[in-house]
Structure formats: structure tokens, C-alpha cells
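Each remark here refers to the structure printed beneath this line.
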Amino acid sequence: MGDAALLDGVLFLPLIGVAILVALPSLRDNAIRRLSLAVMVAQFLMTAWLYLRFDPAATGLQFETRLPWIPDWGVYYQIGLDGYNVLLVLLTTFLGPLVVAGAFTAITKDVKLFYAMVFVLQFTMLGTFVAQDLFLFYLFWEAMLIPMFLIIGIWGGERRIYATLKFVLYTAFGSILMLAAVIYLVYSLNATTGITSFAFADLYRAELPLSVQTILLAAFGLSFAIKVPLVPLHTWLPDAHVEAPTAGSVVLAGVLLKMGTYGFMKLGFPLFPDATRAFTPLIMTLAVGSIIYGACLAWVQTDIKKIIAYSSISHLGYVMLGLISLDLIGIQGAIIQMVSHGIVAGGLFLMVGMVYERCHTRELAAYGGLAKLLPAYAVFFALLTLASIGLPTTSGFTGEFLVLLGAFNATWPQYQQGVTLPLVLSAGAVTGVVLGALYMLSFAQRFLFGPVKAPHQPVLDLNLREKLILGCIVVAMFTLGLFPAEPLSKTELAARQYQALVASHRTGTAVALRTVEEGIALRPVAMDSALQTPRGSAR
Amino acid sequence: MSWQTTFTAMLPEHILLVGIVALIGLEIASQARAAFLVSVCVVTAAVIAAASLAATGYAMAPFPGQFSVAPEALLAKAVVLALAVPVLLISRNDFADAQFHILILGSLYGVCLLLSADSFLILFLGIELMSLPVYVLVLLALQRTESAEAALKYLVLGGTATATLLMGSALLYGASGSLSLAAFAAALGSSDAMASVGVVLVIVAFFVKAAIAPFHTWAPDAYEGATVPVTAYMATIVKAGVLLAAVRLFGMETVPRPMADMLALLPLASIVWGNLAAMRQQSFRRMIAYSSIAHAGYLFYAFLGDGAGRFQAVAFYVLAYGVMNILAFASLPRAQDDTARDRLDNLKGLYQRAPFAAVMIGIAMLSLAGIPPFPGFVAKFLIFRNVFAAGYTTYAVMGLIASYMGIYFYLRVIQYLFMSPVPSHVQRPPYGRAVLGASFLCLLAGIAIAVFPGWVIGQF
């Protein structure tokens, strides 16, 4: 029981932080910064404790809290940890203090509002991950837009208004269709099983005909795919990343994008398994397309933030590939890849922010020979570059390797049965690794080595605060790369559950698809009952 | 029937009446300064009376066939009267005399009558009594020529609505031989031409009053021409009164097909047009007018749903919408004159000068846009849930997509508040205690709705 309360504490701690900031109007900027850091560190420690206490062998939710919230609608405040979200929650709270500490010198305008918004963002992201009730999930999912809108719009670069409006309008469009699908799904569940519930566990039992599943998967999938983002829905991402302040970019790349892949893993695919299987080739194509297209775009960018932004598209494509492979190794790889990308891309964005603070430009052409000027910086940057490429011993290797292994595991048998497309796609995904090495290495080479160009004025190398931040990132990156077995053991049950759910058949009962033409009451029209009852014969 | 039953059943109305008489007395005695306090107390007392009667489950028909109260009607009155309290509070800076308060209380009396009407006679009386003082209220800001224009436009179109309502009820009387509201509900599915035309005319009259496209054209001018408290009154209380009266009119009846299409398509057009037109406005009140046109659309969507859930959906929606709207009006910074105050530019960089007010307007805008976790989201969810449940999937999805179009202009306000530099010359007088009180009242109500939506919905 105590641990369940601790999870609630982790979730609501950022709001307490906001309350403190509001309650103490006379706080100096530096005090605000330290206070925010303290709150975030406390949150991370609490989460780390929960992570250690997390039992990998237990099925179902752990540290669960379930309280009635809107009883008439069957909405519960239900949160808990399971194998799906435990690593992502840890990742979110791990990046929290780094984001706060990374913004110490970068943010000088409206400091209080900034940290309040970072807290709100942290709250909504954690809420999205721990929510086990679809209504609650949607609430957090959508509420997350508000702090991000303000963070990009207030502290962003020159075209910040354009970028932030694009980001919000893009993602909100996906959400509104998802809302329609959520309501429809809950009503269909009510019609087939007689229970009104938004709980994930109940919704997994919904039986829907393939046509309805396809429409609902499209609605959910659009929303998630925009957030991942899958090519061709990615165009908001480079703008948002480039214009966002460093903290915004880190959170965007580190956590926000994972909300999309998490959504697919927890909701999109398992809720509509038959439609997922029917559309596997399409989803796989989109995933591999994202890997290759993102990598190609990253290669030709001249803005260092854009390079990392497009590399994110490529890396998230691996996650999607692993999830849709439905192979246990692939799914596990996808989960590790999510965490790995969060750490590595988050670290890279922090590093870009650090160099931007010193030289005030993001043009790659303006840089050169940074290794001579900023040796410590160069070491960290080289390490993160290697992790981004996926060199063995780094976290990037674990994720990408497992995903590719899983993809081949899943597609080889199909090839032997004469279906070649999936195997071709898996092979295509491998080229992403090569392309990744190509663009990241050429980027690092031009950035760190060669003749010294910028900066024009003498600059200081990393200070202690920055070294500590990057040290944390590098330690996490190697830990995940060298000892992946421990986190993998915690997610294994969830991966198996996901696999079983997506493999299940749930078109058993036919539900009348209600359209404007037939304003009839929704009722299940099971085959056998249709034969037995006279009412069914009218159908 | 004893006088006691009449007294209890009409307690909120009687309190308002006593208040009006007291205010006239104050005006005669040249004690207008006390008017503000008196009217706030009177309306608060009326809220308490209505709410406590509703809580005891009181139901009575003091004038059978004409006027009756039931918990539902009393609750509706309580909601509308409760929304009037912060509106009165924000009038503190704009109206110092008793006139304003007499007119508002008179109009509220009309709303109460409207919400208890059992026959078209009382319905008509209520609508007129509600509207006539508002025409005058719009005109009260006569320092500007637009006010006269706005009031005239409002009066003429309001008159048209009245005529349409009378025509509709006459036709319904001709078809059914009864002036009772039940005749309307019964005629909803009727194949009789006279009855159907009567039903359509009555619905059109309500559409005009609620500003549903294409009958919305009076709203932007009237809203812009009036002063801030009057606009707030029109956008929240008049709208709530009209919609709750419509709920009473439709009763428990499920709207059958051809009528349901009319009840879906025009509100849908309203949502689309309101949201699109609001994007281009430079005047805050005009923007809110278009926003209110869109919100009237969502509210009429509730009538597609099952008869039993209609009151809950509409009452909860007008409460959440009203509270947030008044919050925005209360936080609107003052400027050298009313026209400058109304310009959206006036909001630029407000966060730098008045962070609390800026955050309040921001919350109100996000809530009106229907973004969770703010109250507007749950309200919208409730309505669309009922529309889905009634089987109108296509209309529901179209309505949701149309509501997406509205997000942009609400975000634009937030962009002005937080992301624009402060114009250097701006001088802003302080808000004053009464207005801050209204903000806090609305904020508390909003938080209560957002944190305990289940409890609030359970009250209806």
C-alpha cells in the first residue's frame, strides 16, 4: 500500500512544485532553479525506489491506485506500473533533473513560469504513462499540449510562434479523432459485454468486427503516428525541435515522442488486433520508410538541431518496426530502443544547447575543430555519437540489434512461405544502421575535427554542472548497453502480454455499426442469439 | 391552493421581486450606491432558495398547466442565478447606478419564469421579460454610436424571434387545440403539416435567441456594442436560460429523424462558422460572440441525445461554459476607454503586467476550446457521448472535427497573453476587489468542476 501511495506521490510531486512556486512569489530566480532541481531529483529517487521494488514476475499492475472519479461513466482514477511503462516512467523522471539543470543558464526570462511549465509537462507526461484508464490517459495526453505550447512559444527561437502553433494544431487534430474513437470504443464495449468501463484491462476484451476495428485503429493510429512521428506525418517535428529551447527539445525527443510508440504498444495494436494484423505490411512499410527517410534527411541538414531531429524520426522507426514484428525479441528491443533513444537524443540535444549558449549559432558550417577548443565537450559528444550509431556496449546497440533480430525472426518464416515483402522491409531497415553511421559520423567529423572555425571569441569548456549532467547521461547509456538483462527482465511479461493480445482474434461478436441511416439502439447481434431470438431475425 | 404553496414554489422569483422593489426604492431615495450590495445579496439569496428547494426534492404546481416547479427546474434556476452573481460583481467598475441592477434582476425574473413554464403563454412571457431588459442594457453604453446600432439590431431580430415563436405556438394550438408545452413534444414526430410547421417555427425562434447559424447575425454586433458585464450576461445567462428552456420544451421526448437532422445540421453549421469567423476578429467581445455561436451549436447537439440525459448535459455544459466565460470577462484588463479595452491587442504581454489575470484568461480560453483537464472538456465529452449513444455517429464525428477548428483562435489569445511584447504606452487601471472576487469565485467553481466532475455531474 505504501508503495502505491509513493507512485501517486511521484505523479503529483511536480504539481506540488508548481504550488510552491505560486505560493512563494518573492522567490529569486536562483532559488527557483535550485528548488526545481531538488523536486525533480526527489522525484527521480522515488521512482528509482519503485523501479527496484518492481517485481518482474508479477502479472498485472503494481503499485496500483484505483478510485472512482466519474462513477456514472465508469471512469476511474486508476494508475499503476507494469512492464509497459516502468522503464518509460524511469526515463521521464531521469531526464527531469537533467532538463531542469540544463536550463539553469539558458533561461533567464520568466524563470518562474518556465519551471512551472516544466513541472506541468512532467506531470502530464508521467500521467500519460501511468494512467490505466482510457479517459485519464486521454486527459493527460491532451493536457500535455498546453505546457509544450507555452515552452516553445515563449522561450523558443525566431519562428517560435509558427512552430508551436504547428505542433499543437498537428497533434490536436490527431487527438480529436482519437476522442471520437474512444467514445465509440467504450460504447461498443458496453454493447457487447454490458460493462461501461474505460479501464484498459476491460477494453482489451472488446469484440469488434474488422471494419470497425480498422476505422478505430486508424483514428487512434493517426494520433499516435503524428506523435511518434511516422513519415509522412513528421513535418511538425523539425520545426518544433529547432525552435524549442533546449529543455523543450530534450523533453520532446526524450519523452514526448515515446508517448506515440507507447500508445501503439499499450492501446493501438492490442485494442484492435485483427486490424493490426491485417495492416501489418502497411505499418511495417511506414516504419521502415521512417527509418530510411529520416536518416536520408538527417544526412543533408545544415542545422545541427535538425540533424538530431531527423535522426529521431529514424530511430523511432526502429521502435515501430520492433512493435509490429510481434516477435518477443523485437518487442523487447523496441522497449529498450525507446529508452535508449530518450537518453541519447536527450543528451545530444543538451549538448547542442550547451554549444549554442557559447556560440549562438546552429549552422553546422560555422563550426569546426571543437575538439581542440572544448576537449571535454568533444569526448562526451563522441560518446553520444557512437551510441546514436548503435555501437556495441552502448544502449543504441542493444535496442537496434534486438529490433532487427526480432524483425528477421518474424519475417523469415513468411519468406519461406513465399511472402517476400516483409523480409525485404527488414533488410531495408538494416540500411538505416549504415545510413545512421554515415550521417552521424560525417556530422561529428565536421563538428569536432578539422580546422578550427567558430567560435570567434574564446569560450570555456564544460563547467562542472554540465559535466555532471552529461556524466549521468553517459552512465545511463553504458548501463543500458552493458547490462540490458536487468531492465529486459522487468519488461518481459508485458512484452509477452502484448504479443498475446495482438495475436488474439476478437471479431467474434458482430456489432451493428451505427450510422446516421440507422439510428437504432446499439445491441450485440451474436450469431447464435440472432438465430434464437425473434428480435434478432429482424436484422 | 393556499398562499403558502405559491409562496414557496415561487420563492426565488419572489426574492427577485422584492429586490427589484427595494432597488427602485433606493433609486428614489438617491441611495444608488447601496444598489450593488443589495442586488448581489438578493441574487445570492435567490440562488440559495432555489438550490435548497431543489435539494429537498420540492415539486409543486401552483398554477397547474401554466407554472410548475420540480427539482430539475429549481436546479436550472439555481445554475442560472448562480452565474448571475459573478456577472453582478464584474459590473462594479462599469455601472454605479441602480438602473443596471433593476434591469438585470428583471431579466433574471424572466429567466426563472421561462424555466418553470408549462404553457406557451408563460414561455412567451418569460422570453420577453428576459429579453426586454437586455435590449436596454445594451443601450446603456450609449457613449458609443455602435451601442445604439447594436441595440436596434438586437431588438429587431429579437422581435422577429418573438413573432416566429408566436406563429409557431399558434400553429401548434391550431393542430392540437392546446397551448401546453407538452403539445410541442407530442408534435415532434407528427406527420401533420400544420403541427410540423409549428414545431419548426418554435425551434427557429429558439435558434434565433441562442444565435445558431444562420440566425446568428445579431450576436456579434450586440456583443460588441454592449459593455463587458452586459456581454457576459448575454453570453452566459441569456444563453443558459434559452437552452434550459429548450430542454424543458423538448421534455423526455427523443427527437425523431427529420427534426433531428435539422437539430444537427444547423448547430453543426454554427460550430463551423462560429469557429472560422472567430479567427479573424480583432475585438475580444466579437470573438467571444462567435465563440458563443459555436458553443450554442454544441449545446443543441445535446438534443440529439436521449431525453433523460439531456438536462444533465445541458445544465452541466452551461455551468462549465458560463463560469469560464465570466472568468475571462472578469480578467479582461481595463484600459482608457471601452473600445480600447475590447481590442485583442490590449491583451498583448498581459502576463508581464498582471500574471494572475493572464493565467485566468488563458485557463478560460483553454476551457472554451475544450482542452482537458479544464471544465469545458468534460462538458463537451458529456454531450458528444450522448450523441454517440443515440446512434448519430457521423454527426458526432463531424461535430468533433468542427470543434477542432476552434482551437486556433483560442490559442491566439494565449499567444497574445504570453508570447507578445508589452506595448510600452499601455496604462492599466487596477481591477478592483469586486472583480477579483468574481475571478476567484469562477476559478473555484472551475477547479471544482475539473477535479470532481463526477460529483458535479451527479448533482444534475
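As you go down the protein sequences, you meet chains X and G in turn. Numbering-wise (the working numbering), the first sequence opens with residue 479 and increments by one. Numbering-wise (the working numbering), the second sequence opens with residue 328 and increments by one. No residue lacks a Cβ here, since even glycine has one placed at the ideal position from N, Cα and C.
query                                                                                                                           : result
I782 of chain X and F925 of chain X closer than 8 Å at C-beta                                                                   : yes
Residues that T909 of chain X bridges to, as DSSP identifies them                                                               : Beta-bridge pairing links T909 of chain X to no other residue.
Chain A contacts made by the segment 611-627 of chain X, where a contact means CB separation under 9 Å                          : Annotation note: the requested chain A is absent from the structure, which comprises protein chains X and G.
Check whether G884 of chain X and G949 of chain X have beta carbons under 8 Å apart                                             : no
Contact set for P547 of chain G: own chain, Cβ-Cβ below 7 Å, skip 5 residues either direction                                   : R613, A616, Y617
Continuous beta strand (DSSP E) stretch holding M799 of chain G: start and end                                                  : The displayed coordinates of chain G run from 328 to 787. Any statement about residue 799 of chain G would go beyond what the structure contains.
Same chain, Cβ closer than 8 Å to L353 of chain G, five either side skipped, listed in chain order                              : A359, A361, A362, V365, A425
Residue ranges of each alpha helix (DSSP H) within the segment 805-845 of chain X, 4 or longer                                  : 806-837
7 Å Cβ shell around G384 of chain G - same chain, five flanking residues per side excluded                                      : P398
Contact residues within the segment 733-746 of chain G, judged by C-beta distance below 8 Å to chain X                          : I734, Y735, L738, I741, Q742, F745, M746
Beta-carbon gap between P900 of chain X and M816 of chain X smaller than 8 Å                                                    : no
I630 of chain X to T872 of chain X span [Cα, whole Å]                                                                           : 31 Å
Whole-number beta carbon distance between A725 of chain X and V596 of chain X, since they are thought to touch under 8 Å        : 6 Å
Nearest neighbour of V345 of chain G, chosen from G:G568, G:A356, G:V370 [CA to CA]                                             : G:V370
Per DSSP, cross-strand counterpart(s) of S507 of chain G                                                                        : G:S446
Opposing strand residues paired with T543 of chain X [DSSP bridges]                                                             : X:I557
Local Cβ density within 10 Å of R712 of chain G, reported as buried at 16 or more and exposed below that                        : buried
Chain G residues whose Cβ lies nearer than 9 Å to that of W547 of chain X                                                       : F779, P780, G781
CB-CB length for V728 of chain X against F827 of chain X, believed under 8 Å                                                    : 5 Å
G741 of chain X at chain G interface by Cβ criterion, 8 Å                                                                       : no
Cβ pair I454 of chain G, A559 of chain G closer than 8 Å                                                                        : no
Any chain G beta carbon closer than 8 Å to P492 of chain X                                                                      : no
Neighbour list for A621 of chain G in chain X, Cβ cutoff strictly below 9 Å                                                     : Going along chain X, no residue has its Cβ under 9 Å from A621 of chain G, so there is no contact; the nearest lies around 14 Å.
Rounded straight-line distance, which links the Cα of A621 of chain X to that of I598 of chain G                                : 23 Å
N508 of chain X burial status per 10 Å Cβ neighbour count (16 or more: buried)                                                  : exposed
Bridge partner(s) assigned by DSSP for R670 of chain G                                                                          : G:S610
Against chain G: residues of the segment 634-646 of chain X by CB proximity under 7 Å                                           : I639, L643, V646
Residue-level contact to chain X via CB, I481 of chain G, 8 Å cutoff                                                            : The sequence given here has Tyr at residue 481 of chain G, not Ile. So, not an interface residue.
Residue environment, D533 of chain X, which counts as buried when at least 16 other CB atoms sit within 10 Å                    : exposed
Distance CB(V752 of chain X)-CB(Q691 of chain X) smaller than 8 Å                                                               : Position check: residue 752 of chain X holds Asp in this sequence, whereas Val was assumed. Yes, the pair counts as a contact, with Cβ atoms nearer than the cut-off.
Validate contact between the segment 499-506 of chain G and the segment 562-577 of chain G using beta carbons, cut 8 Å, 3 pairs : no
Below-8 Å beta-carbon distance, S730 of chain G vs any chain X residue                                                          : yes
Contacts that A658 of chain X makes with chain G (C-beta to C-beta distance below 7 Å)                                          : A723, V724, L727
Status (buried if at least 16 other CB within 10 Å, exposed otherwise) for F779 of chain G                                      : exposed
I654 of chain X at chain G interface by Cβ criterion, 8 Å                                                                       : yes
Amino acids of chain G, ordered along the chain, whose beta-carbon sits closer than 8 Å to that of Y662 of chain X              : F715, T720
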